[in-house]
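In the numbering used here, the protein residues as written are 99 to 576.
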Amino acid sequence: MKNIFTTALFLIALTGMAQTSINTVKINPERDDSQALSIIGQDSLVDILITNSKEIQHLDYQNGFQFAVLSTYESPRSKYGEISGYEVKPDGEINVYYSNSRKNKFCMVTINPTTKESVINEMDFRLKKETYLQGISHNNKFYILSIDYDAKLKLYEFDGLNNQVFELKTGAIKFEPRSDGSPNYLNTVLKSGGTSQMGSSLVDLIDAESPNSIETASKTNKLYTFQDHFILTIDRDEERTHALRISLTDKTVDVKTFDQPVEDFDRNRKDSNSYLYDGKLFQTLVSRDKLVLTITEFETKEQLKKVVLLKDEDIQIANSAIIQEGGEFSSYRELENTSQLLRKMTSATPGIPVYKIGGQYEITLGGSKELASGGAPMMMGFGLGGAIGGLIVSAVVNPTLGAYNSYTRTKSTYFISLFDEQFNHQPGEVQQNVFDRISSFTDGKDPLIETVFRYKGDFIYGYYNKDEDAYELVRFMD
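Here it is in C-alpha cells:
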C-alpha cells in the first residue's frame with residue numbers, strides 16, 4: 099500500500115507539472131447542453147464559439163490566449179441542428195456552416211469579430227443525386243466530400259456562400275463482390291461502410307496526431323488530413339486496404355492498394371482493418387486462430403515489420419494485460435490468454451490505433467463491438483461531440499475532441515505493444531498519454547461544454563465550470 103500511495107503522489111505531481119491553467123472567463127451560457135467549437139484562425143488566433151439552438155457566444159482570444167472580448171449572436175433556425183464545418187477569412191471573419199440532419203439543407207452564419215455583427219444566410223447549395231460523405235474544415239477552408247450514383251467522387255471547396263466542385267477521377271477500383279455475387283463499386287462500398295453515429299457521415303475524419311481509441315480506429319472508411327492533401331482509406335475488403343490520395347492543389351487522385359496476408363490463413367472467416375500514422379500503414383488481419391500485424395511504408399510500399407500471434411501461444415509483444423473495459427457500467431477485466439482475445443476481436447470490429455510517446459510507437463491491437471441500445475445497434479463511446487436533442491457539433495468539425503470523447507468513453511478489448519523506431523519490440527510499462535491526463539484532471543469536476551484542440555504542439559482543454567460560471571482553458575503538454 100505504501101508503494102502504491104507513493105506512486106500515486108508522484109503521478110499527481112507529474113500531472114500538475116504537465117498542465118497549466120491559461121485563461122478563465124466569466125460566461126453565462128443560455129443552456130447547459132451548449133457545445134463548444136474551437137477555431138484556430140489566421141495568425142494562430144483562437145476563437146471559441148459556445149453554441150446552442152438559441153445563441154452563439156463568441157470568446158475571442160488574442161496572442162498568448164489573452165482574452166479580448168465576449169460577444170453574443172443569434173443562432174440559425176432549429177432545423178439546422180448540426181454544425182458541418184467552418185472557414186476563417188484573411189480579415190478574421192468566421193463563416194460557420196450549419197445543416198439539417200439529412201445534409202440536404204444548409205445555412206451559413208457569418209461572424210465579424212471587428213464590427214461584432216453577424217448575418218445568417220440560407221444557402222442554395224444542394225447535393226444532386228449524390229450522397230454526403232464528409233465535411234472537412236482544413237487550413238481555414240471548408241470542403242464537402244460526396245459521391246454520386248455513378249460512383250463519381252466529388253469535392254466541393256467553399257468560399258463563403260459560393261463553391262467550386264471538382265470531380266475526382268479514381269479510375270476503376272476493384273472490390274470484392276457482394277454476398278449475392280453482384281459487383282461492388284466505390285459508391286456502394288462507401289455507403290455500406292460508414293459507421294458514424296447518428297448517420298451524419300459515411301466517412302470518419304481521423305486526427306492521427308492525437309491518441310485514438312479502438313472504436314475510432316475500427317471504422318471502415320477513414321479520412322486523414324495533411325497540409326496539401328487528404329488520404330481516404332477503405333477497409334471494406336478483408337484482403338486489402340484501398341488508399342485514395344486526394345490532392346488539394348490540382349484535385350487529382352492517386353489510388354494505392356495494400357494487400358493483407360490472406361495466404362497465412364486457413365479459415366474463411368477473417369476481419370481486417372488499417373491505420374495510417376507517421377507515413378506508415380499499420381494493418382491487422384485476424385481470425386479465431388491467429389492475428390497478423392504488418393507495417394508498411396506508405397509511399398514505397400516497403401514492408402517494415404510483420405508479427406504473427408497464434409491462439410495457443412502467449413503474446414510476446416504485449417506491454418499490457420489483455421484488457422476488456424468500458425460499456426454501460428464502465429467495467430474492467432483482464433483476459434487470460436490469446437485465444438480469448440482473438441474470439442473477442444472476431445466477434446467485434448478490429449482496430450489498430452497507433453501513437454508515438456517518448457520516441458516509441460504505442461500500438462494498440464483489439465476490437466470494438468456494437469451493442470444494442472433502445473432497439474438499434476450503436477458503437478459504445480461518444481465519437482460525436484454533440485448531444486441528442488440539442489445542437490450537434492460533430493467530430494467532423496473538431497476530430498481532436500471526437501478522439502478524446504471516444505478515447506475516454508468506449509467499450510473495447512485490446513492489448514498495447516511498444517516498439518522503437520526500427521519496430522523492434524521494447525520492454526517497459528505503457529505511459530499515460532495526454533488524454534489519460536486530461537481525464538484524470540476532470541475527475542470530480544463534472545465539466546460541461548468541453549472542447550479539446552491541438553495548439554503549437556500542446557493540447558488545450560476547455561470546459562465550463564458551472565459553480566464558478568466560468569470557462570477555463572488548460573494547457574497539457576503532449
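C-beta: ideal position from N, C-alpha, C; glycine also. Note that this is a predicted model, so its numbers are computed, not measured.
Item, Value
"Contact the region 129 to 136 vs the region 144 to 160: 3+ CB pairs below 8 Å", "yes"
"Close beta carbons around Ile120, own chain, < 6 Å, minus the five adjacent residues each side", "Phe163, Leu571, Arg573"
"Inter-stretch contact at 8 Å, needing at least 3 Cβ pairs: the region 346 to 362 / the region 298 to 312", "no"
"Nearest-angstrom Cα separation, counted from Ile146 out to Asn563", "15 Å"
"Close beta carbons around Lys320, own chain, < 6 Å, minus the five adjacent residues each side", "Asp302, Ile304, Thr331"
"Nonlocal neighbours in the same chain, by C-beta distance under 7 Å from Val123, ignoring five residues either side", "Leu157, Phe165, Leu168, Ala568, Tyr569"
"Reduced DSSP category for Asp131 - H, G, I as helix; E, B as strand; rest coil", "coil"
"For Ser182 and Leu225, the rounded distance between their alpha carbons", "14 Å"
"Span separating the alpha-carbon of Gly481 from that of Lys454", "Since pLDDT at Gly481 reaches only 26, below the 50 mark, its modelled position is unreliable, and the value read off the structure follows with that caveat. Looking at the two C-alpha atoms, the distance is approximately 22 Å."
"Cβ shell of Val263 (< 7 Å), same chain only, five flanking positions each side left out", "Lys252, Tyr254"
"Close beta carbons around Leu407, own chain, < 7 Å, minus the five adjacent residues each side", "Lys388, Leu389, Ile413, Thr436"
"Span of the alpha helix (DSSP H), counted from its first residue to its last, around Thr213", "Unbroken run through Thr213: none, as it is neither H nor E."
"DSSP state of Gln358 mapped onto helix, strand, coil", "coil"
"Per-residue DSSP class, three states only, for Asn503", "helix"
"Buried versus exposed, by CB contacts within 10 Å (16 or more), Ser471", "Confidence at Ser471 is low in this model, with a pLDDT of 45, below 50, so the placement of that residue should be treated as unreliable; the coordinate-derived value is given next. Ser471 should be labelled exposed."
"CB of Glu185 within 7 Å of CB of Asn238, strictly", "yes"
"Buried versus exposed, by CB contacts within 10 Å (16 or more), Arg334", "buried"
"For Ser176, the three-state DSSP class (helix, strand or coil)", "coil"
"Gly292 - DSSP class collapsed to helix/strand/coil", "With a pLDDT of only 47 at Gly292, under 50, the local geometry of the prediction cannot be trusted, and the value read off the model is given with reservation. Looking at Gly292 - three-state DSSP - the assignment turns out to be coil, as it is neither helix nor strand."
"Alpha helix (DSSP H) segment containing Asp534, residue limits", "532 to 540"
"Secondary structure, beta strand (DSSP E): runs of 3+ residues fully inside the region 246 to 334", "251 to 257, 260 to 266, 302 to 304, 319 to 323, 327 to 332"
"Bridge partner(s) assigned by DSSP for Asp145", "Ile137, Asp158"
"CA-to-CA distance, Ser311 to Pro451, given in whole angstroms", "7 Å"
"Sheet register partners of Gly424 (DSSP bridge)", "Ser429"
"Cβ-based neighbour list, Thr549, same chain, cut-off 6 Å, excluding 5 preceding and 5 following", "Ala134, Ser136, Leu499, Gly560"
"Distance CB(Ala306)-CB(Tyr375) smaller than 7 Å", "yes"
"Whole-angstrom distance between Val528 and Gly457, CA atom to CA atom", "13 Å"
"Coil, strand or helix - Pro448 by DSSP", "strand"
"For Gln524, three-class secondary structure by DSSP", "coil"
"Spatial neighbours of Ile242 in its chain, beta-carbon cut-off 6 Å, leaving aside the 5 residues before and after", "Gly233, Tyr254"
"Among Asp565, Tyr553, Arg431, the one whose alpha carbon lies nearest that of Val144", "Tyr553"
"Short Cβ contact (7 Å threshold) for Met443 with Val384", "yes"
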